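Anchor point for the first sequence: position 202 equals 203 in our numbering, and the numbering is continuous, going up by one each time.
Cβ atoms here follow ideal geometry from the backbone N, Cα and C, with glycine treated the same way.
Fair warning: this is a prediction, and the values are worked out from it, not measured in the lab.
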Amino acid sequence: MPELPEVETIRLGLLGRVCNKRIERVEIRCHRIILRPQPREMAAALGGQMIRDIQRRGKFLLFQLDDYRLLVHLGMSGQLTYWDQTQRDDQRFFTTVTGLQQARQHAVDKHTHVSLYFDDGNAMHYRDIRQFGKWRLYRTEAFDEAREFLQLGLEPLDKGYTLSRFMESFRGRKLRIKSLLLNQNFVAGVGNIYADEALFEAGIHPERFVHSLSIEEKQRLFRAIPKVLRRGLKHGGTSFQNYFNADGEAGTNQETLRVYGREGGKCHRCRTPIVRIVVSQRGTHFCQRCQPAKRK
DNA sequence: AGTAATCCCTGGCAGC
DNA sequence: TGCTGCCAGGGATTAC
2 MPELPEVETI RLGLLGRVCN KRIERVEIRC HRIILRPQPR EMAAALGGQM
52 IRDIQRRGKF LLFQLDDYRL LVHLGMSGQL TYWDQTQRDD QRFFTTVTGL
102 QQARQHAVDK HTHVSLYFDD GNAMHYRDIR QFGKWRLYRT EAFDEAREFL
152 QLGLEPLDKG YTLSRFMESF RGRKLRIKSL LLNQNFVAGV GNIYADEALF
202 EAGIHPERFV HSLSIEEKQR LFRAIPKVLR RGLKHGGTSF QNYFNADGEA
252 GTNQETLRVY GREGGKCHRC RTPIVRIVVS QRGTHFCQRC QPAKRK
């Protein structure tokens, strides 16, 4: 479940690997994940293009090519890894060890849906077990058509993330705060893990309706969001199931999580057992004492 | 328009 | 042991 810190970690890893490399050949094996344009057309368009830069917006990766912009969303289980022709493929990729897959460089398998082969003999593999990922290719001059991208909300680690804009984003909302945090049009890049972590950090119950939040609570949330995201980034992302960086390595942020995935475990702050409920069809973890249901 | 529910998909796991 | 059924979850789509 790659969220902002995971996507950013992948971006940083890929920057030094695939930038300024020319795509010689593209293999698209699963057609489901490619929405636009059709696979044959996408493969043909990518051939001969050089990757000039890689940017990120929310959970989207944005590859700047000579004539195109390639938008990649990793969905639930997407992996983008670099393949070095001088290194040996690691078969341990497919084994489970203490609940966590071990991975390095891997050969093409049944879940490797796209491969970009560069003219220097190396490659970049896209692997996506659950196939929720999306690739979209736009001609640079037609990028305005990427509405799902342009409607994204505040970028929480950028300078434009200000308290006034954050407060503005609450206007007219009448839903639970956890639901709002998962909405990419509010703050981009926050997913289920970091939403729970941010709410714990801010001391806010996930089922609170946003119009009931005090100014102080919103201010705490405003600060908590980038705090937990930066912590995730610092630890190379959270590896629970299928997330690996561009070199196929797991992150370690799962060891620093305060509430997510810790049902029954003791709250680091008050020792109360962490509770798991369902909000917006998503597993939601919180401390009943540190995140009270009603405002004091 | 804003919100809630449904669906997509596979691997892992509990239960028998 | 092997089968069945359920669950996880981002976001597009549909329904209201």
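Supposed close pair residue i, residue j - CB separation, criterion 8 Å
| i | j | result |
| --- | --- | --- |
| V27 | L47 | 5 Å |
| R137 | L72 | 4 Å |
| H206 | Q292 | 5 Å |
| R218 | R177 | It should be pointed out that residue 218 corresponds to Glu in this sequence rather than to Arg. With 8 Å as the limit, E218 and R177 do not qualify as a contact, their Cβ atoms being about 14 Å apart. |
| F167 | F223 | 5 Å |
| I29 | H114 | 7 Å |
Cβ-based burial, residue i [other Cβ within 10 Å; buried from 16]
| i | result |
| --- | --- |
| D197 | buried |
| S180 | buried |
| D129 | buried |
| F210 | exposed |
| G14 | buried |
| V260 | buried |
| A108 | exposed |
| T285 | buried |
| L75 | buried |
| T163 | exposed |
| E256 | exposed |
| Q282 | exposed |
| I216 | exposed |
| L151 | exposed |
| R148 | exposed |
| V279 | exposed |
| G233 | buried |
Whether residue i touches residue j by CB criterion (8 Å)
| i | j | result |
| --- | --- | --- |
| L230 | L5 | yes |
| A199 | L182 | yes |
| H1 | P40 | The structure shown has nothing for residue 1, since the chain only spans 2 to 297. |
| K175 | H212 | yes |
| R140 | Y69 | yes |
| F201 | C271 | no |
| D67 | Q88 | no |
Close beta carbons around residue i, own chain, < 7 Å, minus the five adjacent residues each side
| i | result |
| --- | --- |
| F245 | Q80, T82, A104 and A251 |
| L153 | R58, G59, Q185, N186 and A189 |
| G308 | Any property of residue 308 remains undetermined from this structure, which presents the chain solely from 2 to 297. |
| R12 | I55, R57 and L62 |
| T97 | Confidence at T97 is low in this model, with a pLDDT of 41, below 50, so its placement is unreliable and no value can be given for it. |
| T99 | Legend: pLDDT at T99 = 38, less than 50; position of this residue unreliable, value from coordinates given subsequently. The answer is none, since no qualifying residue turns up. |
| I35 | I29, M43 and W136 |
Neighbourhood of residue i by C-beta, 8 Å cutoff - its chain only, sequence neighbours within 5 removed
| i | result |
| --- | --- |
| Q85 | The question names Gln, but residue 85 is Asp in the sequence shown. If we look at D85 and ignore the five residues flanking it on each side, its Cβ neighbours are Q106 and N123. |
| T253 | H236, G237 and S240 |
| L119 | Rather than Leu, the amino acid found at residue 119 in this sequence is Phe. Hits under 8 Å: V19, K22, R23, I24, E25 and M125. |
| S170 | G154, L155, F187 and V188 |
Own chain residues within Cβ distance below 6 Å of residue i, not counting five before or after
| i | result |
| --- | --- |
| S78 | D129, I130, R131 and N243 |
| N21 | none |
| P3 | L75 and Y244 |
| Q65 | R53 and D54 |
**Request:** Taking only runs that begin and end inside the segment 233-290, name each unbroken beta strand (DSSP E) of 3 or more residues, in chain order.
**Result:** Fully enclosed beta strand (DSSP E) runs of 3 or longer: 276-280 and 283-287.
**Message:** Which complete alpha helix (DSSP H) runs does the segment 150-222 hold, if anything under 4 residues is left out?
**Reply:** Within the segment 150-222, the complete alpha helix (DSSP H) runs of at least 4 residues are 164-169, 178-183 and 193-203.
**Asked** Which ranges does the beta strand (DSSP E) cover as unbroken runs of at least 3 residues, wholly within the segment 9-71, from first to last along the chain?
**Response** Runs of the beta strand (DSSP E) inside the segment 9-71: 24-29, 35-37, 52-58 and 61-66.
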